[in-house]
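Accompanying notes for the structure given below.
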Amino acid sequence: MDVELLIGILPQVVIDGLILGFMYALIALGYTMVYGVLEFINFAHSEVFIFGAFVGVEIMLGLKSAGVLERFPWILVLVVVLLAGMLASALLAFTIERVAYRPLRHAPRLIPLISAIGVSFFLQDVIRLTESIWRNAFNLVYPTIESLNVRLEITETIDVSIKSLVVIVAALLMLWALHALVNRTKVGTAIRAVAEDQAAASLMGINVNRIISLTFVIGGAMGGAAGVLFGVQYGLINPYTGFIPGLKAFTAAVLGGIGNIPGAMLGGLVLGLLEAFAASYLSLLTGGAFGAEYKDIFAFSILILILIFRPKGLLGEVVRERA
Amino acid sequence: MLRLDDVHVAYGEIPALKGVALEVREGEIVALLGNNGAGKTTTLRTISGLLVPMRGALTLDNQPLAGVPPHEIVRRGIAHVPEGRRIFNRLTVRENLTMGAYTRSDTVVIAGDLERVLTLFPRLQERITQVAGTLSGGEQQMLAIGRALMARPRLLLLDEPSMGLAPVLVEQIFETVRDINRQGTTILLVEQNAAMALAVAQRGYVIETGAIVLSGTAAELADNPEVRRAYLGE
Ligand SMILES: Nc1ncnc2c1ncn2[C@@H]1O[C@H](COP(=O)(O)OP(=O)(O)OP(=O)(O)O)[C@@H](O)[C@H]1O
Ligand SMILES: [Mg+2]
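Top to bottom, those sequences are chains A and B.
Read in order, the letters of the first sequence correspond to residues 957 to 1279 in my numbering.
Read in order, the letters of the second sequence correspond to residues 39 to 272 in my numbering.
And the structure:
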């Protein structure tokens, strides 16, 4: 076994894992925030995520065909695309809640879940139909921005693209902003109050429905940002691309302790890193017996192990409640 | 100030209030007494908008309250300390108190009110950064009352504030209730501890299976043989 090689690729693996992990973390927030207030799994969140990616790619393709994509500073383009993706996904999430979940608020638990699965399929096909009519294709590729692909050399063997750094920094900024919003503002405190006891929150003068909408909007915005970053990082998207990252982000939310916001961030990072480690090291460590394609099996086996020993997730149930 | 007239409320098909009529006047402490399951909590939940009456009139300063959502009713000046306290366990003491003032934006006055609540309950001051779920039962009750006061209510609804507290604390809570009232807040008080309730209240009502069966001044009720037998344990 080539120890030097194993150590040599480590920084690269960590960077890959962080990118993936931050992406999962951003998506996981949408699941966990909605679960926190409604105890409901928003199955359509994976489409909210990919919708952001589609809005992003449309703007970039539009800029490209107008011939201005490379003329604007890349940071400006990126900020605009990110904000548009966030806004679009936030609006979509808001609408989904109003149309498909709120009327079922008092129905038995399984009913809104089925509604969510329906919305998920519906959105996949609406995106596919729209893009097919509009572009005659529904597999779209993010146009490259040359300056984003520049690689910075850190050492002789390690380099990292500006793109990757941008994804990590953007995700960090957003997670930090959300954390500050939830923990240091009045409305953030209201979100936590509603998550704990809706009736008591309404007795404080909190408009519970408005806070529920807000959690969908915030979760949607984070999902939309993740969608744009996903497109920028990996390039190819189609209407069904959201499903697997969505499922993994949901797992990350459970791993962190569903309903727990720092938990979703931590769970996302852990899952992303596990996956990256497995993808790079499995075949090296097993002499090729298990290839990178086993990464999910490896990552999920570890998850199952963690959940056996901590069924509430890594950060679940921080406070024990008393009567 | 507050008036209920022939109020009917049901949980699904099961009726809980069958024509409750009562009145609370500005500046009063009014006690609402009754056995378990009589409908005391249901009455308070109806006033604060958590339940909607099927029939009857419910008014605050002659404005109808029925059908107004709870978060609007808080803005109209009614704060409710619910049965079982219902503080936010995962929020800190300070955050709980901040939530009490949720509808207000007068930051300076809010800061003053926070001071007032912390003076009223020095124990809360000591635990201000602590997560509320870790407070003792008595401290949680103080927090629940303090949180409601942060709304600057004109009318305070208290649902069994003495429940589960040691006798010393019960005394203290009732003393506080009197203080709050002296500072200008009208109070509707639900209590199992009828002796204490009648000692602080000016007037009272007795509710039985969803209807008011007796009313009068606190002194009249305390002298009433039936009240003495049923609620004062004689
Ligand atoms: N959520 C509910 N669903 C169905 N019935 C209820 C519900 N809450 C209360 N009830 C019923 O309504 C009636 C009045 O209950 P309520 O809680 O108002 O009584 P209470 O006077 O507050 O009693 P206690 O002193 O035990 O708190 C009872 O018969 C009770 O069983
Ligand atoms: Mg009760």
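Beta carbons are placed, not taken as given, at the ideal position from N, Cα and C, and that holds for glycine.
Note that the structure is a prediction, hence the values are computed from the model and not measured.
Name the two residues that bound the continuous alpha helix (DSSP H) containing residue i.
{"i": "A/SER1002", "result": "1001–1021"}
{"i": "B/ARG113", "result": "108–113"}
{"i": "A/LEU982", "result": "966–994"}
{"i": "A/GLY1223", "result": "1217–1241"}
{"i": "A/LYS1119", "result": "1118–1140"}
{"i": "A/LEU1047", "result": "1030–1052"}
{"i": "A/ARG1091", "result": "1066–1091"}
{"i": "B/LYS56", "result": "Segment 52–62 is the beta strand (DSSP E) holding B/LYS56; no alpha helix (DSSP H) there."}
{"i": "A/VAL903", "result": "The structure shown does not extend to residue 903 of chain A, since chain A is modelled only from 957 through 1279, so no value can be given for it."}
{"i": "B/LEU259", "result": "256–261"}
{"i": "A/GLN1154", "result": "1154–1159"}
{"i": "B/ALA235", "result": "232–238"}
{"i": "B/ILE85", "result": "78–85"}
Hey, quick one: how far does the beta strand (DSSP E) through residue i stretch, first residue to last?
{"i": "B/TYR243", "result": "241–246"}
{"i": "B/ALA189", "result": "Per DSSP, B/ALA189 belongs to no beta strand (DSSP E) and is neither H nor E."}
{"i": "A/PRO1201", "result": "Premise fails: A/PRO1201 lies in the alpha helix (DSSP H), 1199–1212, not in any beta strand (DSSP E)."}
{"i": "A/LEU1259", "result": "Here A/LEU1259 belongs to no beta strand (DSSP E); instead the alpha helix (DSSP H) covers 1251–1265."}
{"i": "B/TYR35", "result": "With chain B running from 39 to 272 in the structure shown, residue 35 of chain B is simply not present."}
{"i": "B/ILE67", "result": "67–71"}
Can you list, in chain order, the residues of its chain with a C-beta nearer than 8 Å to that of residue i? Leave out the 5 residues immediately preceding and following it.
{"i": "B/THR167", "result": "THR130, VAL131, ARG132"}
{"i": "B/LEU135", "result": "LEU152, VAL155, LEU162, LEU181, GLY184, ARG185, MET188"}
{"i": "A/ILE1217", "result": "LEU985, THR988, MET989, GLY992, LEU1134, HIS1135, VAL1138"}
{"i": "B/LEU193", "result": "MET39, LEU40, VAL62, LEU98, GLY115, ILE116, ALA117, THR223, THR224, ILE225, LEU226"}
{"i": "A/PRO1267", "result": "none"}
{"i": "A/VAL1164", "result": "VAL1150, GLN1154, ALA1157, SER1158"}
{"i": "B/ARG124", "result": "ALA182"}
{"i": "A/SER1169", "result": "PHE1050, GLU1053, ARG1054"}
{"i": "A/VAL1106", "result": "SER1117, ILE1118"}
{"i": "A/SER1071", "result": "ALA1056, TYR1057, LEU1060"}
Can you list, in chain order, the residues of its chain whose CB lies under 6 Å from that of residue i, leaving out five sequence neighbours each side?
{"i": "B/LEU88", "result": "PRO108"}
{"i": "A/ASP972", "result": "ALA1232"}
{"i": "A/PHE1028", "result": "none"}
{"i": "A/LEU1230", "result": "ALA1255, ILE1258"}
{"i": "A/ALA1182", "result": "MET979, LEU982, ILE983, PHE1005"}
{"i": "A/ILE1101", "result": "TRP1030"}
{"i": "A/MET1221", "result": "ALA981, LEU1131"}
{"i": "B/ASN219", "result": "ILE67, ILE225"}
{"i": "A/THR1197", "result": "ILE1006"}
{"i": "A/GLY1041", "result": "GLY1008, VAL1011, GLY1012, GLY1180, GLY1183, VAL1184"}
{"i": "B/GLU258", "result": "none"}
{"i": "B/ARG113", "result": "THR141"}
Take residue i and list the residues in its own chain whose beta-carbon comes closer than 7 Å to its own, dropping the five residues that flank it on each side.
{"i": "A/VAL1173", "result": "ALA1046, ALA1049, PHE1050"}
{"i": "A/LEU1017", "result": "PRO1099"}
{"i": "A/VAL1274", "result": "Its pLDDT being 48, under 50, A/VAL1274 is placed unreliably by the model, and nothing is read from it."}
{"i": "A/VAL1037", "result": "GLY1012, ILE1015, MET1016, VAL1184"}
{"i": "B/LEU207", "result": "GLY176"}
{"i": "B/PRO191", "result": "GLY115, ILE116, ALA117, THR223"}
{"i": "B/GLY105", "result": "VAL90"}
{"i": "B/ASP43", "result": "ALA59, GLY94, ALA95"}
{"i": "B/ILE111", "result": "SER86, GLY87, LEU103"}
{"i": "A/LEU976", "result": "GLY1228, GLU1231, ALA1232"}
{"i": "A/MET1178", "result": "LEU982, LEU985, GLY986, MET1130, LEU1134"}
Return the bridge partner residues of residue i from the DSSP annotation.
{"i": "A/ARG1107", "result": "A/SER1117"}
{"i": "B/LEU228", "result": "The residue asked about is misnamed: residue 228 of chain B is Val in this sequence, not Leu. Bridge partners of B/VAL228: B/LEU70, B/ASP197."}
{"i": "A/VAL1097", "result": "A/LEU1192"}
{"i": "A/ILE963", "result": "Looking at the DSSP assignment, A/ILE963 forms no beta bridge with any residue, so it has no partner."}
{"i": "A/ILE997", "result": "None, per the DSSP bridge assignment."}
{"i": "A/ALA1063", "result": "Per DSSP, none; premise fails for A/ALA1063."}
{"i": "B/ALA249", "result": "B/GLU246"}
In chain order, what residues have a CB nearer than 7 Å to some heavy atom of ligand 2?
B/LYS78, B/THR79, B/GLU121, B/ASP197, B/GLU198, B/VAL228
Pick out the complete beta strand (DSSP E) segments inside the region 87–144 of chain B, 3 residues or longer, and give them in chain order.
93–98, 116–119
Just list the alpha helix (DSSP H) runs in the region 159–224 of chain B, keeping only unbroken ones of 4 residues or longer that don't cross its boundaries, in chain order.
160–164, 175–187, 205–220
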